[in-house]
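Residue numbers (my numbering): 12 to 308.
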């Protein structure tokens, strides 16, 4: 039943209702009334939601990495300073843009081109997956009905509101003893190193995801061009085959015409010989008549 629903939610919205009725009828025929009701209750997804579902099902490994990237980004946003957040947000935008282009290519491969508004809804959904764990869980289920909206508090330019950041912004109060002061400095340095490592991991993950998405998109473009080239080659071969067939037919007609010409030429020579013989016979007959006429006088 789960596999049936997964397949249904990757069916293009234009075919969704018809496919849903077919699957529900099959379940009823098999005596699974509860499954039939569950299938009939499935709602048709919007085009953007369908595209997001298609991405998840078509690219499971890349989708898993995207979900992991979202978790890393959410953790990073909780503890980084505003400048680091700005840099990380730029990485996030590049990843979403690359993955959105790849999804649009997947949709085109199924014969459905995403309009600009639909593409924007898709990017909003991907941003929501990165920003909101609940949105990530919804998308991971693979059965979105509507596009998702990222939370408003997940803004690229907002400064982190964390207790650690507040602690760092206040001057340190005099410590009662030197060892305690050194311990605080060591703790502060350790926190900074942890933040920098977290930022580095998030940047690396975002950059790797962006490169993978762009390479997949480029591969899809190359595959599409290859398919078009194959189709053009096949069309050229069909035209060449038709031309060769016409050429072969023309050759046969030419040979037939040459044969008929040879036969006509032979007939013409025979007719010319017959005419010449008839002319000679007529001439001889005329001469005989003349001789007979002279002798009679």
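We treat Cβ as the ideally placed atom computed from N, Cα and C, and that holds for glycine.
| task | Please list, in chain order, all residues of the same chain as residue 181 whose beta carbon is under 6 angstroms from its beta carbon, the five residues on each side excluded. | result | For residue 181, the predicted structure reports a pLDDT of 36, less than 50, and the residue's modelled location is therefore unreliable. A value from the coordinates is still provided. Within the same chain, no residue comes within 6 angstroms of residue 181 by CB-CB distance, once the 5 residues on both sides are set aside.
| request: Pull up the distance between the alpha-carbon of residue 237 and that of residue 101, whole angstroms please. | output: For residue 237 and residue 101, the distance between alpha carbons rounds to 33 angstroms.
| Chain-order list of residues whose beta-carbon lies under 8 angstroms from that of residue 54 (same chain, five-residue window excluded) | Answer for residue 54: 156, listed in chain order.
| message | Below 8 angstroms on the Cβ atoms is my contact criterion, and I expect residue 132 with residue 158 to pass it. Report the Cβ-Cβ distance as a whole number of Å. | response | About 4 angstroms; that satisfies the 8 angstroms criterion.
| query | Between the region 115-126 and the region 52-68, are three or more C-beta pairs nearer than 8 angstroms? | reply | By the Cβ criterion, the region 115-126 is in contact with the region 52-68, since at least three pairs of Cβ atoms, one from each stretch, lie closer than 8 angstroms.
| request: Could you check the C-alpha separation between residue 81 and residue 252 for me, to the nearest Å? | output: Rounded to the nearest angstrom, the two C-alpha atoms are 55 angstroms apart.
| query | Are three or more beta carbon pairs between the region 14-23 and the region 147-155 nearer than 8 angstroms? | reply | Touching, per the Cβ criterion.
| field | Start-end ranges of the alpha helix (DSSP H) lying completely within the region 78-156, minimum 4 residues | value | 93-120, 127-142, 144-151, all fully within the region 78-156.
| Where residue 136 falls, given that 16 or more other Cβ within 10 Å makes a residue buried | Result: buried.
| Contact between the region 70-79 and the region 37-50 (3+ Cβ pairs under 8 angstroms) | Because the criterion of three Cβ pairs below 8 angstroms is not met, the region 70-79 and the region 37-50 do not touch.
| query | Given a threshold of 16 other Cβ atoms within 10 Å of its Cβ, counted over all protein chains shown, does residue 140 qualify as buried or as exposed? | reply | Buried.
| Nearest candidate by alpha-carbon position, reference residue 35, set 41, 50, 29, 42 | The shortest C-alpha separation from residue 35 is found at 50.
| query | Would residue 134 be called buried (16 or more neighbouring beta carbons within 10 Å of its own) or exposed? | reply | Residue 134 should be labelled buried.
| request: Whole angstroms is fine: what's the gap from residue 15's alpha carbon to residue 239's? | output: Near 33 angstroms, if we compare the C-alpha coordinates of residue 239 and residue 15.
| Taking DSSP as the reference, what is the three-state secondary structure of residue 55? | Coil at residue 55, not helix or strand.
| request: Identify whether residue 22 lies in helix, strand or coil by the three-state DSSP scheme. | output: Residue 22 falls in the coil class under three-state DSSP.
| query | Going along the chain, which residues of its own chain have a beta-carbon closer than 6 angstroms to the beta-carbon of residue 74, five neighbours each way excluded? | reply | Closer than 6 angstroms at the Cβ level, and outside the excluded window around residue 74, lie 67.
| Taking residue 83 as the reference, which of 99, 72, 290 has the closest Cα? | Residue 83 has its Cα closest to that of 99, out of 99, 72, 290.
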